[in-house]
Every structure is written in structure tokens, then in C-alpha cells.
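Trainee: Before we start, here is the structure in question, set down as C-alpha cells.
Protein chains: 2
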Amino acid sequence: MAVTPLTLPDRFGAVTTACQDHWMATTSMREALAVGTRPVELAGHNPAARPLAPTKKNRDLRNDLAQMRGLQDRLYAESTADGTRSILLVLQGIDTAGKGGVTEHVVGSFGPIGVQYTAFKAPTEEERAHDFLWRIRKRLPPAGVIGVFDRSHYEDVLIARVHDLVPEDEWRARYDIINDFEAELVAGGTTILKCFLNISFEAQRKRLLARLDNPDKHWKFNEGDLEERARWSDYQSAFSEMLERCNTDVAPWYVVPSDHKKYRNWAIGELLRETLVDLDPQYPQPKLDVAALKERLTPPH
Amino acid sequence: MAVTPLTLPDRFGAVTTACQDHWMATTSMREALAVGTRPVELAGHNPAARPLAPTKKNRDLRNDLAQMRGLQDRLYAESTADGTRSILLVLQGIDTAGKGGVTEHVVGSFGPIGVQYTAFKAPTEEERAHDFLWRIRKRLPPAGVIGVFDRSHYEDVLIARVHDLVPEDEWRARYDIINDFEAELVAGGTTILKCFLNISFEAQRKRLLARLDNPDKHWKFNEGDLEERARWSDYQSAFSEMLERCNTDVAPWYVVPSDHKKYRNWAIGELLRETLVDLDPQYPQPKLDVAALKERLTPPH
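Below you can see the structure in the form of C-alpha cells.
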């Protein structure tokens with residue numbers, strides 16, 4: 321399960337060696353994409369890999385949506401009785417990695433009643449006046465709901481670190497705070513699926529160029545994106561340490577190879593599907609006197 | 321446009337006369353389903369009508385989802401520049417009328433990033449301690465977003481009236497308060513689409529029976545549903561007055577015949593599509609020096 325880094329990428333180069341073939345031995349997406357328990361370097365994860373994918377490219381990369389919707393319905397139904405369970409999908413990744421695409425294509429497959437989506441932007445003045453988890457706690461999914469975090473509390477050990485927004489001892493302390501926080505959520509009934517959308521430097525280049533080539537996508541572009549890109553290496557270090565420090569038993573990280581969009585969506589769909597299957601939610605079975613109720617519904621009532 | 325009631329239903333009977341054929345003269349769903357400006361009785365609206373539907377039953381009742389998604393994307397994009405516009409879809413209707421079905425099938429067709437769904441349940445103690453619009457204001461859609469209210473502030477002139485939760489002079493005063501409130505929202509850039517899902521007494525009977533026949537739907541059933549049904553006439557009166565008093569120029573009501581589920585979904589999809597077409601949102605066109613940016617993206621950057 322653990323991943324041993326074989327090579328380091330050149331300063332801004334593409335990863336050339338994949339060592340994620342431990343997945344050959346499993347049929348579980350959660351096992352295939354798990355970070356493992358040993359220290360990780362992102363360099364050891366190939367962003368163009370396709371663990372568990374059928375061999376023909378982009379074929380059959382479809383999730384069983386009917387099964388997923390059915391299970392989602394049960395999860396929601398369960399919460400109307402005494403169910404306390406929920407799912408929290410955390411999406412992290414550098415600009416263009418595909419957080420929006422996953423939301424559109426994967427999250428969009430679920431029914432809106434049981435989904436709560438939140439994009440965390442730069443914190444407002446009010447949010448900055450509180451501890452970094454304050455705004456996160458306000459958006460946790462209630463029972464029965466699949467919560468989606470498009471960016472999350474992890475920004476506070478990512479951008480906060482890369483841009484020196486807080487002193488090092490402050491962001492370093494956050495790894496433990498986050499682990500405690502997530503353990504508390506899990507104990508309360510939330511299953512946390514933390515997905516790091518892993519793309520290569522070259523894939524990001526192509527996607528940014530594609531945005532520039534399409535005037536209808538210019539609104540997604542700002543020059544700050546290129547300045548962030550110039551800090552690629554710093555972000556890779558920050559991501560690696562996040563994956564290492566916050567890969568806990570109760571809330572493990574998954575590294576999702578994201579150079580191939582269809583694969584990325586399918587893989588995250590599978591992570592959700594497997595999680596729902598394991599939760600095995602059930603429809604509440606209230607004791608109804610069906611015969612008597614039907615009698616009350618015979619015309620003209 | 322205005323609807324003249326022709327007959328009243330018997331106490332608990334089905335509506336037998338349709339007078340909604342004013343829609344023969346229009347191709348706009350908003351015109352076809354408008355309440356009109358004269359006092360209305362729900363008795364004048366046939367819940368099984370299919371205004372504007374193609375003649376073959378349940379055929380071609382498909383919205384142009386690609387167009388709708390494209391327009392939604394533009395509405396959202398617009399808000400990232402200086403756009404202030406949003407849409408608020410209000411769904412009202414008696415139990416089983418299909419608020420959940422519309423959410424699933426119509427709202428679910430849009431991308432989750434630009435949708436904010438809220439189901440208003442019986443108010444909490446905290447909510448009751450504030451004026452009735454307090455909890456509503458907290459869930460208004462921000463710019464760029466399609467907000468969906470599954471029940472709404474209208475409950476405060478419906479269940480509050482039928483169950484005498486507040487004195488008559490208090491709920492009577494709310495019509496004007498609601499009209500002022502909605503005018504304020506519209507002035508702020510929100511287009512409000514208020515849909516009353518109109519089903520017949522008989523259609524509700526069949527749907528409740530169907531729930532009883534399916535153990536997986538028992539969780540949706542409680543005996544209180546039948547007590548509410550026994551107040552059908554009171555609710556029809558409350559709905560009628562709501563439609564009359566709050567059918568304003570800036571925020572008109574639409575009566576959506578909802579005995580046929582596919583028709584109902586299609587019709588509300590069309591109301592949304594027409595609204596989006598009229599808004600005609602545009603992608604922001606920031607001034608980018610595309611050539612210079614591309615240069616910065618030539619390898620190895």
C-alpha cells in the first residue's frame with residue numbers, strides 16, 4: 321500500500337516515473353489511491369496514471385449512477401429517522417486541477433436535496449477574525465447529506481504556508497489541529513473523503529493555454545494564476561507535507577491522478593460509490609398501520 | 321391572460337372544468353401559466369391541464385438542458401465580475417405535489433456550483449424568536465446563483481393560517497410584507513419565479529396510496545399527512561388568497577398543473593429556461609494581454 325518515491329521531478333518538469341502500480345493487486349479504488357502510511361513525496365505519484373481503469377482509453381469510465389443515487393436517497397432517508405451519518409468530500413488541488421469539473425460531473429450526478437456544496441475563497445475579514453476552522457464548521461454537512469468542499473481548511477497549510485500568511489510555527493501547529501478536528505467529525509458520523517487532484521506542471525500549462533484560447537473562459541483567468549504557477553515547487557512541498565501529516569487512519573488522503581479528466585471524474589465517483597456501499601444506508605421502517613391508512617384513503621377522503 | 325373561474329369544485333372533489341385555455345394564444349410558458357391579474361380561485365385551474373405541451377402524451381417533454389446549462393454558466397460567470405443578478409425559484413404545493421420531484425429532475429439538471437437549495441421545515445425555536453422573514457433572508461441566493469426554496473415564506477400565510485398558528489390580523493398583514501420584501505429582492509437583481517404546484521384531491525390520494533404500497537417510501541409517510549389532507553378545502557382557500565394577494569407585477573405567481581409529473585417538470589424547466597434566456601447573461605470579458613500571457617506559458621514555464 322505504501323508508496324516509495326523512485327525519482328524526483330526536475331525543478332518544473334513532468335514526473336517521468338510511476339510507482340503507483342501497487343494498485344494492480346486491488347479492486348478497491350480507495351486502496352488503489354491511498355497515500356499509504358509512509359512519508360510521501362508527490363514525485364512518486366504519476367498524475368497521468370489510471371489505476372483500475374479498463375485498458376481501452378476513456379472507455380467504460382462510467383460510474384453506476386443508478387446505484388449511487390439509490391444509496392444517496394437511503395442515506396438521506398436514514399437521517400430523517402435517527403441517522404447521524406454524512407459524507408464530506410474534500411477537493412484540493414492546484415488551479416486547473418479539476419475541482420470544478422469534479423463538482424460538475426460527479427457531484428452533479430447526485431440529487432440536490434442531499435448535497436451541500438461550498439467553495440472556500442480567500443477568507444473575509446469576519447472569517448479572518450476567527451480561528452481558521454470557524455468558517456469550516458459552519459458548512460459541515462448535516463446528517464444524510466454529502467458535503468463538498470471545493471478547497472477547505474487545508475488551504476490554511478497550503479497558501480498560508482507558501483505565501484507566509486502566518487508564521488511557520490502557526491501553520492505547523494495546524495496539522496495536529498486538523499487531525500483532531502477530523503477525528504471529531506468522524507466520531508460524529510461523518511465519513512471524510514479527502515481527494516488531492518494531482519496534475520503535472522505540463523498539464524496545467526496546457527489547461528491555462530486552453531483558457532487563453534477561449535474568450536468565454538477568460539473570466540476564469542487572472543495574472544495571479546501565473547504567479548501561483550511560478551511557486552509550483554513550493555506548492556508541491558506543501559501538498560506533500562499535508563498528505564504525510566494528515567493521512568490518518570480515520571481520514572486518509574487519496575491522491576487522484578488528474579491529468580486525464582475522464583479518469584479523474586470516474587475515480588472520484590468510485591471513491592464515493594465504494595463509500596456509500598460500505599455505509600450501506602437503509603430506509604427507515606416506521607411502524608405504519610398500512611391497512612388502516614389505506615382505508616382512510618378510500619374515496620371520497 | 322386573466323383567468324375567470326367557471327366552476328367551484330365540490331367539497332373534496334376533482335376540478336371538472338378547465339378554463340386555462342387562454343394559453344392557446346401564446347408560446348411563452350410564463351404567459352401560459354400566469355395567474356393573471358384578476359382575483360383567482362384555484363377551482364379555475366385544471367391540475368391535469370398541459371398548456372403548451374405537444375399533443376402526444378409525455379413525448380418531447382424535454383427541456384433544452386444544454387442551453388440551460390450554458391446560460392447558467394454565464395449567469396455564474398457574470399457574478400464573478402460585477403454581475404448582481406440571481407434567480408429565486410419558489411416551490412409551493414401541498415404534500416405530494418412534487419416539490420421534491422422538481423428539485424430532483426429540474427434543479428438537478430443544473431450544475432451544483434450555481435445552485436443553492438433550501439428546504440424550509442417547521443421553524444426552530446431560534447427561528448420563531450425572529451420575524452418570519454429572518455430565516456428566509458439568510459438563504460437568499462447570492463449573485464450568479466439559482467436559489468431554490470422548497471416551501472418558503474409563503475408557509476407563513478398557509479400553514480400559519482390553516483392551523484391558526486398566529487392571529488388572523490397577523491397573517492393578513494404578511495401579504496403586504498411579502499410583497500414589499502419581494503420587490504426589494506427584485507430591485508436588488510433577483511428574478512423571482514413563484515410556482516404553485518397544483519394537484520387534484522384525487523391525484524394526492526393516489527400518490528399517498530402509492531407511498532403506502534412501497535415500504536421504501538414509508539419513511540415519507542406520517543399520519544399527520546392525512547390530517548393535513550382533511551383540511552384540503554382550507555388549504556385551497558389559503559392558496560387562492562396567496563395567489564391573489566401576492567401576484568405582483570415584479571414577482572408574479574405561476575400555477576403549474578401538476579397531476580402529470582412529466583408535464584410539471586417540463587413546464588418548470590421551461591419557466592427557468594425562458595427566464596434565463598431573457599436575462600441573457602454574458603461572460604465577462606476582462607482585458608487580458610493574451611499574447612504576453614501565452615509567452616509566459618511557453619516551456620519550461
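First to last, the sequence lines map onto chains S and C. Using this note's numbering, you'd call the opening residue of the first sequence number 321 and step up by one each time. Using this note's numbering, you'd call the opening residue of the second sequence number 321 and step up by one each time. No residue lacks a Cβ here, since even glycine has one placed at the ideal position from N, Cα and C.
Within 10 angstroms of the Cβ of Trp-454/S, are there 16 or more other Cβ atoms? Answer buried if so, exposed if not.
Mentor: Counted from its first residue, the first sequence places residue 454/S at position 134. So Trp-454/S ends up on the exposed side.
Trainee: Could you run through the segment 589-611 of chain C and flag, in chain order, every residue whose CB is less than 7 Å away from some CB of chain S?
Mentor: Answer in chain order: Tyr-603, Pro-604, Gln-605, Pro-606, Leu-608 and Val-610.
Trainee: I need the boundaries of the alpha helix (DSSP H) containing Lys-581/C, first residue and last residue.
Mentor: As a working note, residue 581/C is residue 261 in the second sequence. Taken as a continuous stretch (DSSP letters only), the alpha helix (DSSP H) holding Lys-581/C covers 581-599.
Trainee: Count the other C-beta atoms from every protein chain shown that fall within 10 angstroms of the C-beta of Lys-458/S, then say buried if there are 16 or more, exposed otherwise.
Mentor: Here the question's residue 458/S lines up with position 138 in the first sequence. By the neighbour-count rule (16 or more Cβ atoms within 10 Å), Lys-458/S is not buried but exposed.
Trainee: Could you tell me if Pro-619/S is buried or exposed, where buried requires 16 or more neighbouring beta carbons within 10 angstroms of its beta carbon?
Mentor: Counted from its first residue, the first sequence places residue 619/S at position 299. So Pro-619/S counts as exposed.
Trainee: Output yes or no for whether 8 Å exceeds the beta carbon distance between Ile-512/C and Glu-504/C.
Mentor: Here the question's residue 512/C lines up with position 192 in the second sequence. Here the question's residue 504/C lines up with position 184 in the second sequence. No.
Trainee: Count the other CB atoms within 10 Å of the CB of Ala-558/C; is the residue buried (16 or more) or exposed (fewer)?
Mentor: Locating residue 558/C in the second sequence gives position 238, where the first residue counts as 1. The residue in question, Ala-558/C, is buried, as its Cβ has 16 or more Cβ neighbours within 10 Å.
Trainee: Say whether the segment 411-430 of chain S touches the segment 568-587 of chain S, bearing in mind that this needs 3 or more beta-carbon pairs closer than 8 Å, one atom from each stretch.
Mentor: The segment 411-430 of chain S vs the segment 568-587 of chain S: in contact.
Trainee: Around the Cβ of Thr-510/S, are there at least 16 other Cβ atoms within 10 angstroms (buried) or fewer (exposed)?
Mentor: As a position in the first sequence, residue 510/S is number 190, starting the count at 1. Counting Cβ neighbours within 10 Å, Thr-510/S comes out buried, since at least 16 surround it.
Trainee: Mind checking the segment 530-542 of chain C against chain S and listing, in chain order, the residues whose C-beta falls within less than 9 Å of any C-beta there?
Mentor: Per Cβ criterion, the list reads Leu-532, Asp-533, Pro-535, Asp-536, Lys-537, His-538, Trp-539, Lys-540, Phe-541 and Asn-542.
Trainee: For Pro-367/S versus Ala-493/S, is the C-beta distance shorter than 8 Å?
Mentor: To locate residue 367/S, count along the first sequence from 1; it is residue 47. To locate residue 493/S, count along the first sequence from 1; it is residue 173. Cβ distance not < 8 Å, so Pro-367/S and Ala-493/S don't count as in contact.
Trainee: According to the neighbour-count rule (16 or more other Cβ atoms, all chains shown, within 10 Å of its Cβ), is Asp-341/C buried or exposed?
Mentor: Counting from 1 along the second sequence, the entry for residue 341/C is found at position 21. Any reading at Asp-341/C must be qualified, since the residue scores a pLDDT of 48, below 50, and its modelled position is unreliable; the value itself is stated next. By the 10 Å Cβ count, Asp-341/C comes out exposed.
Trainee: Helix or strand or just coil, what does DSSP make of Asn-499/S?
Mentor: The residue given as residue 499/S occupies position 179 in the first sequence. Of the three classes helix, strand and coil, the one that applies to Asn-499/S here is helix, per DSSP.
Trainee: If you follow the beta strand (DSSP E) that Thr-510/C is part of, which residue opens it and which one closes it?
Mentor: The sequence position of residue 510/C within the second sequence is 190, counting from 1. Its beta strand (DSSP E) spans residues 510-518.
Trainee: Does the beta carbon of Ile-433/S sit closer than 8 Å to a beta carbon anywhere in chain C?
Mentor: Locating residue 433/S in the first sequence gives position 113, counting from the first residue. Yes, Ile-433/S counts as interfacial toward chain C.
Trainee: Using a Cβ-Cβ distance cut-off of 8 Å, determine whether Leu-613/C contacts chain S.
Mentor: Taking the first residue of the second sequence as 1, we reach residue 613/C at position 293. Judged by the 8 Å Cβ criterion, Leu-613/C is in contact with chain S.
Trainee: Considering only DSSP beta bridges, list what Ile-407/C is partnered with.
Mentor: As a working mapping, residue 407/C is identified with position 87 in the second sequence. DSSP, once it has assigned bridges, lists Ile-466/C and Thr-511/C as partnering Ile-407/C.
Trainee: So what does Trp-573/S bridge to, in DSSP terms?
Mentor: Here residue 573/S corresponds to residue number 253 of the first sequence, with the count starting at 1. Lys-514/S.
Trainee: Quick check: is the beta carbon of Val-427/C nearer than 8 Å to any beta carbon in chain S?
Mentor: Position 107 of the second sequence, counted from the first residue, corresponds to residue 427/C. Interface residue, yes.
Trainee: When the distance is taken between beta carbons, is Tyr-396/S closer than 8 Å to Gly-434/S?
Mentor: Residue numbering aside, residue 434/S sits at position 114 when the first sequence is read from its first letter. Residue numbering aside, residue 396/S sits at position 76 when the first sequence is read from its first letter. Yes, these two residues count as a Cβ contact at 8 Å.
Trainee: So, does the segment 543-550 of chain C touch the segment 435-453 of chain C, judging by three or more C-beta pairs under 8 Å?
Mentor: The segment 543-550 of chain C is not in contact with the segment 435-453 of chain C.
Trainee: Report the residues of the segment 439-464 of chain C with a CB closer than 8 Å to any CB of chain S, ordered along the chain.
Mentor: The segment 439-464 of chain C vs chain S, Cβ under 8 Å: Ala-439.
Trainee: By the three-class DSSP mapping on this structure, what secondary structure does Ala-368/S have?
Mentor: Residue 368/S sits at position 48 when you count from the first residue of the first sequence. DSSP places Ala-368/S in coil when its eight states are reduced to three.
Trainee: Does any C-beta atom of chain S lie closer than 8 Å to the C-beta of Arg-405/C?
Mentor: Translated into positions along the second sequence, residue 405/C becomes position 85. Closer than 8 Å: no.
Trainee: Going by alpha carbons, who is nearest to Gly-356/S out of His-450/S, Pro-572/S and Val-610/S?
Mentor: Along the first sequence, read from residue 1 onward, the residue named residue 356/S stands at position 36. Of His-450/S, Pro-572/S and Val-610/S, the residue nearest in Cα terms is Pro-572/S.
Trainee: Note down, one range per segment and in chain order, each alpha helix (DSSP H) of at least 4 residues found wholly within the segment 428-463 of chain C.
Mentor: Here the runs fully enclosed are 445-448 and 454-457.
Trainee: With a cut-off of 8 Å on the beta carbons, I'd call Val-610/C and Leu-528/S a contact; round off their distance for me.
Mentor: Taking the second sequence and counting its residues from 1, one reaches residue 610/C at position 290. Taking the first sequence and counting its residues from 1, one reaches residue 528/S at position 208. Actually they are not in contact, since the Cβ atoms of Val-610/C and Leu-528/S sit about 11 Å apart, beyond 8 Å.
Trainee: Looking at Val-410/C and Lys-514/C, is the spacing between their C-beta atoms short of 8 Å?
Mentor: Taking the second sequence and counting its residues from 1, the one referred to as residue 514/C is at position 194. Taking the second sequence and counting its residues from 1, the one referred to as residue 410/C is at position 90. Cβ atoms of Lys-514/C and Val-410/C: closer than 8 Å.
Trainee: Tell me which residue opens and which closes the alpha helix (DSSP H) that Gln-602/C is part of.
Mentor: Taking the second sequence and counting its residues from 1, the one referred to as residue 602/C is at position 282. That residue, Gln-602/C, is in no alpha helix (DSSP H); it is neither H nor E in DSSP.
Trainee: Can you tell me where the alpha helix (DSSP H) holding Gly-356/C begins and where it ends?
Mentor: Taking the second sequence and counting its residues from 1, one reaches residue 356/C at position 36. It is not in any alpha helix (DSSP H) - Gly-356/C carries neither H nor E in the DSSP assignment.
Trainee: Please check if any C-beta of chain S sits within less than 8 Å of the C-beta of Arg-616/C.
Mentor: Here the question's residue 616/C lines up with position 296 in the second sequence. Closer than 8 Å: yes.
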